[in-house]
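In the order they appear, the protein sequences are chains L and U.
The opening position of the first sequence corresponds to residue 1 in the working numbering, with each subsequent residue numbered one higher.
The opening position of the second sequence corresponds to residue 1001 in the working numbering, with each subsequent residue numbered one higher.
All C-beta atoms, glycine included, are put in the ideal place defined by N, C-alpha and C.
Only a predicted model underlies this, so the values are computations on that prediction, with no experimental measurement involved.
For reference, the structure is listed below as structure tokens.
There are 2 protein chains.
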Amino acid sequence: MNTTDAPAFFASRQTLDAEAYLEVEVTFECAGDPRVAAAHLCSEQSTAQWARVGVAEDFRPQFAARVLDLESTPLPHGFSVPVPEAPRGPVHRVRAILAHPWGNFGASLPGLISAVLGEGVYFTPGIPLVRVEDVRFPDTFLAHFQGPQFGVAGLRDRLKAFARPLFFGVIKPNIGLPPVPFAELGYAGWLGGLDIAKDDEMLTDVPWSPLAERAALLGEARQRAEQATGEPKIYLANITGEVDTLAARHDVAVQGGANAVMVNAMPVGVSAIRALRQHARVPIVSHFPLIAAFSRLPAHGVHSRVITRLQRLAGCDVIIMPGFGPRMMTPAHEVHDNLRACLEPMGHLRPSLPVPGGSDSAATLERVYRTIGHTDFGFVPGRGVFGHPMGPTAGARSLRQAWQAIADGVPLDERAAAQPELRAALDAFGAAS
Amino acid sequence: MNTTDAPAFFASRQTLDAEAYLEVEVTFECAGDPRVAAAHLCSEQSTAQWARVGVAEDFRPQFAARVLDLESTPLPHGFSVPVPEAPRGPVHRVRAILAHPWGNFGASLPGLISAVLGEGVYFTPGIPLVRVEDVRFPDTFLAHFQGPQFGVAGLRDRLKAFARPLFFGVIKPNIGLPPVPFAELGYAGWLGGLDIAKDDEMLTDVPWSPLAERAALLGEARQRAEQATGEPKIYLANITGEVDTLAARHDVAVQGGANAVMVNAMPVGVSAIRALRQHARVPIVSHFPLIAAFSRLPAHGVHSRVITRLQRLAGCDVIIMPGFGPRMMTPAHEVHDNLRACLEPMGHLRPSLPVPGGSDSAATLERVYRTIGHTDFGFVPGRGVFGHPMGPTAGARSLRQAWQAIADGVPLDERAAAQPELRAALDAFGAAS
């Protein structure tokens, strides 16, 4: 890339067909001319060589990614993070908006990841640090995707739970407990007021807790809990496994009595979720292993909302994500970005229910609710329900009590005077919140 | 986690059944007591709550991950990289070896990723920066995996190419060129001496280059090239796409005349590669989009060799990876780590051919070969063949000429006096190498 080749990688929005391009927002730190680096970034993720040798042709007009906008700031002290093998030269921090022609790969999630989060973006000369901050999709691209089958409204309809958060609980002990006592815990949680009792993301289909047996027992317990409480309940089975088994695991879980299935998004891959979406008869919930490996540091990697958008594209009805508070080491603005990515308009796609989680309990509910500012979220304690000093029924009840106090405008401490489950939750978990 | 709970997360190797555990090497930076942090790291990736409330039980003996070894060094200036929401306290850098009981999830790649690269490792209290450096597998775990179908020896047999690197070439222009001229370029490269002409990792199945048409044309060109040169050749078709289409894409490509298939490992997911491996009749080659998003920075993420090992487990016969030299911004020791992960003994699994790539040409071959120290690698120029000033046949020829000079112990510059293709390659690409 040189200053002669670079201009063909710049464009203004007005000259491009908006429906033919994704908009990719990136921040990067580069050595050398920021405009040349940005052009190179476009070239590397599209037409790295735009003509055959000896042929008068130029593939850039149709196939090049283009820089739409660029702001750069000198970093007089060099790269903000030490990078092995960093290039040399004057360093700038750059924010750029790129237009990426999605016809280069089509409406394919692996194609999208290969182009937009691929070799090109992370191996552009002069750019050792780069973070893909966001990707926005035109409606003609989105039209190829089913998106969530149920979405927030569908999930609420199933649970008959409106105008409040949905209460999930991760059954604990998460690893090691056989299906019979595991189902008893699920029942106890539902009885106290959980909407959804769920498997831990590490609990899969293993000899000490076979999925078929677990789903059958939890399914039976769920129906008992529905009769006892008069409320619809969900058992969320983790069907994470090799991708060619997901449809069969879905069937085993649903036949047993699970009425939602969970997959770990990065471990199975979002493409496998898109395939599962075509098969699924119940809501699909995704969980977040591995994502923080590339989303935590502001200087390099991928902003987590990009992966949230991919999960919504793939068809996740619920997206569990790192939530607020120091426990999850995620800045509040990033959690808000992810909440918006679930809920904001996205072509014809239904919203996904965001579930910002992490060591929650009745003691953290009000803070989370006030921070979010509305009720379209899931709340997912583990220990806050199943480690409650009075047991899981009391743990779940403490959540409902906390919510009722919030809805009534009564301070939790005041309400807790008459509600021992809430009192115990505030005492046990309040200091950590 | 407290100092009373922590000791149960420590063990010595002698007390554990080695076949029941993976060994996971991690480095991390923590605030607070490094031993408590390491215990917490084990808890979070296994039994986060190891007993029901009010039940005298302890799941740790069978299900806990354990610290086998730990070294810590104070970091008096705090975390080496600024982290949003970092915990407070005296900071240490720690290297630890953990034993992770794989019975917690079984011989499943998504299960493995969920446990070992999952929520737990990246959301351990006190540990905002952590890198999974390596994972080692016992033979009883490896016995569940097929691994590469052909491996290095099988690939060499197919190509009748022994005691030298295998010469790949990425056909360029990579994006935009229709199948007819694309096949002409492939033919030209094979004629000059490429073993394997390949699709770019971003070139998939798109209307302007349908996989079926491309594979048929390249298959026909390959057979002509085999007749013209008397050497077996491979057309490596990129079949990256939604995971439920991979088997069909494999069949389309192979029926057309492709005799190896490429998938982008992270975009499709290693589990999808494992499924493809059961179906494939030709070598599987993997490529490296996205990996650098979490492997570049030494302080946080995943060392790339972990993903290399997963690709070998999944059954990749060839693993394309970032290679040597400043262009790929990867330290030489990391490239060597990845080469070893492909080739070293790994239970019953065949070796995968490592292909360390990045802006290579006849001008970089000797350096790469000397650095590696043996011939069991693939060499994968793009522009070095297809951007050669005399065209792709000359570009490929320049690679073979360079290799012959190296094998003969003749300096390249000397040999180039009589070989204009080599001379042109050294002139065009030498400065960049």
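Beta-carbon separation (whole angstroms), U/Ala-1293 vs L/Val-302, contact threshold 8 Å: That pair is a contact at about 5 Å.
How about U/His-1388: is its C-beta nearer than 9 Å to some C-beta of chain L? Yes, U/His-1388 lies at the interface with chain L (some Cβ there is under 9 Å from its Cβ).
Please name the residue, chosen from L/Pro-173, L/Leu-353, L/Gly-89, that lies closest to L/Pro-392 on a Cα-to-Cα basis. Of all alpha-carbon atoms in L/Pro-173, L/Leu-353, L/Gly-89, the one lying nearest the alpha-carbon of L/Pro-392 is that of L/Pro-173.
Between U/Ala-1107 and U/Phe-1141, how many whole angstroms is the CB-CB distance? I'm expecting something under 8 Å. The beta-carbon separation of U/Ala-1107 and U/Phe-1141, rounded to 6 Å, stays under the 8 Å limit for a contact.
Can you check which of these residues, L/Ser-295, L/Gly-256, L/Ala-247, is closest to L/Val-221 by C-alpha distance? For the sequence presented, residue 221 of chain L should be read as Ala rather than Val. Distances from the alpha-carbon of L/Ala-221 to those of L/Ser-295, L/Gly-256, L/Ala-247 put L/Gly-256 closest.
For U/Gly-1111, which three-state DSSP category applies? U/Gly-1111: helix per DSSP, three-state reduction.
Under 7 Å (Cβ pairs) to chain U, residues found in the segment 340 to 352 of chain L: So the list is empty, because no residue satisfies the distance condition.
By a C-beta neighbour count over all protein chains shown, 10 Å radius and 16 as the cutoff for buried, is L/Lys-233 buried or exposed? Buried, because 16 or more other Cβ atoms sit within 10 Å of the Cβ of L/Lys-233.
Under 8 Å between beta-carbons, which chain L residues line up against U/Ile-1175? List them in chain order, please. Chain L residues near U/Ile-1175: Ser-46, Thr-47, Ala-48, Phe-59, Phe-63, Asn-104.
Mind checking U/Asn-1238: buried by the 16 CB within 10 Å criterion, or exposed? Taking all protein chains shown into account, U/Asn-1238 has 16 or more neighbouring C-beta atoms within 10 Å of its C-beta and is therefore buried.
Could you tell me which uninterrupted beta strand (DSSP E) segments, each at least 3 residues in length, are contained entirely in the segment 218 to 260 of chain L, listed from first to last along the chain? Taken in chain order, the complete beta strand (DSSP E) segments of 3 residues or longer contained in the segment 218 to 260 of chain L are 234 to 238.
Test: L/Arg-400 CB closer than 9 Å to a CB of chain U: No, L/Arg-400 does not count as interfacial toward chain U.
The alpha helix (DSSP H) spanning L/Val-306 covers which residue range? Per DSSP, L/Val-306 belongs to the alpha helix (DSSP H) from 304 to 314.
Put U/Met-1435 into one of helix, strand or coil per three-state DSSP. Missing from the structure shown is residue 1435 of chain U; chain U here goes from 1001 to 1433 and no further.
So L/Gln-311 and L/Ser-286 are in contact, right, with Cβ under 8 Å, and what is the actual spacing, rounded? The pair is a contact, with the Cβ atoms about 5 Å apart (cut-off 8 Å).
In the segment 59 to 116 of chain L, which residue ranges form an unbroken beta strand (DSSP E) of at least 3 residues, counting only runs that do not cross its ends? Unbroken beta strand (DSSP E) stretches of 3 residues or longer found wholly inside the segment 59 to 116 of chain L: 66 to 74, 91 to 101, given in chain order.
Spell out a yes or no on whether the segment 381 to 400 of chain L and the segment 419 to 426 of chain L are touching, meaning 3 or more CB-CB pairs, one atom from each, closer than 8 Å. With a cut-off of 8 Å on Cβ pairs, the segment 381 to 400 of chain L is in contact with the segment 419 to 426 of chain L, counting three or more such pairs.
Can you find a CB in chain L that lies within less than 9 Å of the CB of U/Val-990? Residue coverage of chain U in this structure runs from 1001 to 1433, which leaves residue 990 of chain U outside it and unanswerable.
Could you tell me the boundaries of the alpha helix (DSSP H) in which U/Glu-1421 lies? 1420 to 1429 is the span of the alpha helix (DSSP H), which, as asked, contains U/Glu-1421.
Should U/Ser-1012 be labelled buried (16 or more other beta-carbon atoms within 10 Å of its own) or exposed? In summary, U/Ser-1012 is exposed, with fewer than 16 beta-carbon neighbours lying within 10 Å of its beta-carbon over all protein chains present.
Tell me the rounded alpha-carbon separation between U/Ile-1307 and U/Val-1355. The straight-line gap from Cα to Cα measures roughly 14 Å.
Looking only at its chain, what residues have a beta carbon closer than 6 Å to the beta carbon of U/Leu-1339, apart from the 5 residues adjacent to it on each side? Around U/Leu-1339: Pro-1354.
For L/Leu-129 and L/Val-83, the rounded distance between their alpha carbons: When rounded, the distance between both Cα atoms is 8 Å.
Checking contacts by CB at 9 Å: is U/Ile-1113 closer than that to chain L? Chain L contact via Cβ: present.
Contact belief for L/Ala-253 with L/Val-261 at Cβ below 8 Å, rounded distance in angstroms: Contact holds; Cβ gap of about 6 Å.
Determine the DSSP secondary structure at L/Phe-182, reduced to helix, strand or coil. Here L/Phe-182 carries a helix assignment [DSSP, helix/strand/coil].
My assumption, with CB atoms under 8 Å, is that U/Ala-1096 sits in contact with U/Val-1067. Please give the rounded CB distance. Between U/Ala-1096 and U/Val-1067 a beta carbon distance of about 6 Å is seen, short of the 8 Å cut, so the two are scored as contacting.
What is the residue span of the alpha helix (DSSP H) that L/Ala-405 lies within? Its alpha helix (DSSP H) spans residues 392 to 408.
Amino acids of chain L, ordered along the chain, whose beta-carbon sits closer than 9 Å to that of U/Thr-1027: The premise fails here: U/Thr-1027 is roughly 13 Å from chain L at the closest Cβ pair, so nothing lies under 9 Å.
What's the gap between the Cα of U/Val-1026 and the Cα of U/Val-1263? Approximately 28 Å, taken between the alpha carbons.
If you measure from the beta carbon of U/Ala-1272 to each beta carbon in chain L, is any gap under 9 Å? The Cβ of U/Ala-1272 sits closer than 9 Å to at least one Cβ of chain L.
From U/Ala-1183 to U/Gly-1241, what distance separates their C-alpha atoms? U/Ala-1183 and U/Gly-1241 have their alpha carbons spaced roughly 21 Å apart.
Given a limit of 9 Å on CB to CB distance, which residues of the segment 257 to 272 of chain L reach chain U? Of all residues in the segment 257 to 272 of chain L, Val-263, Asn-264, Met-266, Pro-267, Val-268, Gly-269, Val-270, Ser-271, Ala-272 have a Cβ within less than 9 Å of some Cβ in chain U.
Measuring only between beta-carbons, confirm whether U/Ala-1417 sits less than 9 Å from chain L. It does not; no Cβ of chain L falls within 9 Å.
Is it buried or exposed for U/Arg-1249, if we count other Cβ within 10 angstroms and need 16 for buried? Note on U/Arg-1249: 16 or more other CB atoms within 10 angstroms of its CB, so buried under the neighbour-count rule.
Look up L/Ala-38 in the DSSP assignment and say whether it is helix, strand or coil. Reduced to three states, the DSSP call for L/Ala-38 is helix.
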